[in-house]
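*Asks:*
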Amino acid sequence: MSDYTAFRVELADKIAHVIINRPEKINAMNAAFWTEIIDIFRWVDSTDEVRVVVLSGAGKHFSSGIDLMMLASIGNQLGKDVGRNAETLRRKILELQASFNAVDACRKPVLAAIQGYCLGGAIDLIAACDMRYSTVDAQFAIREIDIGMAADVGTLQRLPRIIGDGMMRELAFTGRTIEGDEAQAIGLVNRTYIDADALLAGVMGLARQIAEKSPVALRGTKEMIRYMRDHRVDDGLEYVATWNAAMLQSVDLRVAMAAQMNKQKPEFAD
822 MSDYTAFRVE LADKIAHVII NRPEKINAMN AAFWTEIIDI FRWVDSTDEV
872 RVVVLSGAGK HFSSGIDLMM LASIGNQLGK DVGRNAETLR RKILELQASF
922 NAVDACRKPV LAAIQGYCLG GAIDLIAACD MRYSTVDAQF AIREIDIGMA
972 ADVGTLQRLP RIIGDGMMRE LAFTGRTIEG DEAQAIGLVN RTYIDADALL
1022 AGVMGLARQI AEKSPVALRG TKEMIRYMRD HRVDDGLEYV ATWNAAMLQS
1072 VDLRVAMAAQ MNKQKPEFAD
């Protein structure tokens, strides 16, 4: 692991805890954030000891979204030529999308623990995670509509598969804020907790349960779920048959079955 300016990363019990670490700026996503998150998830993917990721924010809030100073700096790069401006903006948007694509494409399960504000770009981020959990008083909003733009880093593409098309449209068109209880009711978060301490304890407990499972089985399960977002059922069945033709030969299967039969806790290699 490297030293980061926008994050703090800890590894214990096979869990990588990735913490957005700009609490004095409400964990706003500055320029360093967007490049460092790619490096962090590249490290997560290549480190066999990591079985699962917990993503959280330091301080009172998860994240207030993209840093407005960063948006201003992008604007300062624009000139008078519309075509060249469009090329500059398109390239920048694709770079930002790549940051959250790295989270989505991670081979390990990613759990988001959300307290306080989760606004704008932070919704894009949690939509790229596998599961989301929050405090009851967490506040969620797709805020891009209020600054005169369409969300462009993943919310409008990923969120319909999480909360449904109609609810996504309502939140995107109105920009209204919902809290933890409503977020759970619409499926944005799996569960709510009374406060930040209970939230982190609960999510870490879930992460430890996941980390005990076969890493081969976790990899295959996540890959099949991701594949099915964009394919037909028969495509998915064909893909999992081909995948498991290899993966069912893993020693993990024998370890798991023996543990089940002997009522013991299995231990899997990294």
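Note that this note's numbering has the sequence shown beginning at 822, numbered continuously upward. Quick reminder that beta carbons are idealized off the backbone N, C-alpha and C, glycines included.
1. Once the 5 residues before and after threonine 1013 are set aside, which same chain residues still bring their CB inside 6 Å of it?
2. What is the DSSP secondary structure of threonine 1085, counted as helix, strand or coil?
3. Smallest Cα separation from serine 1071: which of Arg843, Gly1041, Ser885?
4. To the nearest angstrom, how far is the alpha carbon of asparagine 1065 from that of tyrosine 1048?
5. Give the DSSP bridge partners of leucine 832, in chain order.
6. Among the residues of its own chain, which have a CB less than 7 Å from the CB of glycine 996, if the five just before and after it don't count?
7. Would you report the Cα separation of methionine 890 and alanine 1062, rounded to the nearest angstrom?
8. Distance check for threonine 868 and arginine 912, CA to CA, integer angstroms please.
9. Would you mind reading off the limits of the alpha helix (DSSP H) that contains threonine 1042?
10. DSSP three-state call for methionine 1068: helix, strand or coil?
11. Which ranges does the alpha helix (DSSP H) cover as unbroken runs of at least 4 residues, wholly within the region 944-1020, from first to last along the chain?
12. Are glycine 886 and glycine 942 closer than 8 Å when you measure CB to CB?
13. Going by other Cβ atoms of all chains shown within 10 Å of its Cβ, with 16 needed for buried, is lysine 881 buried or exposed?
14. From aspartate 1056 to arginine 1050, what distance separates their C-alpha atoms?
15. Taking the C-alpha atoms as reference points, what is the distance between valine 1076 and tryptophan 855?
16. Going by C-alpha distance, which of Arg829, Phe828, Asp834, Asp824 is nearest aspartate 1091?
17. Per DSSP, what kind of secondary structure is alanine 933 in: helix, strand or coil?
18. Look at the Cβ atom of isoleucine 947, then the Cβ atom of isoleucine 935, and state whether they are nearer than 8 Å.
19. Mind checking leucine 992: buried by the 16 CB within 10 Å criterion, or exposed?
20. Have a look at lysine 804 and isoleucine 999 and give me their C-alpha separation to the nearest angstrom.
21. Could you check how far apart the C-beta atoms of lysine 929 and valine 865 are, in whole angstroms? I think they sit under 8 Å.
22. Take asparagine 848 as the anchor and find which of Ser877, Glu1033, Tyr1060 has the nearest alpha-carbon.
*Replies:* In short, the structure shows the following:
1. Ser955, Val957, Gly1001, Gln1005
2. The residue asked about is misnamed: residue 1085 is glutamine in this sequence, not threonine. Of the three classes helix, strand and coil, the one that applies to glutamine 1085 here is coil, per DSSP.
3. Gly1041
4. So the alpha carbons of these two residues sit roughly 14 Å apart.
5. Ala837
6. Contacts found: Ala962, Ile963, Arg964, Ile966, Asp967.
7. 49 Å
8. 30 Å
9. First-last of the alpha helix (DSSP H) with threonine 1042: 1036-1049.
10. helix
11. Within the region 944-1020, the complete alpha helix (DSSP H) segments of 4 residues or longer fall at 976-979, 981-984, 986-995, 1001-1006, listed in chain order.
12. yes
13. exposed
14. Looking at the backbone, the Cα of aspartate 1056 and that of arginine 1050 are separated by about 11 Å.
15. 40 Å
16. Asp834
17. strand
18. yes
19. buried
20. Nothing in the structure corresponds to residue 804, since the chain is present only between 822 and 1091.
21. 6 Å
22. Ser877
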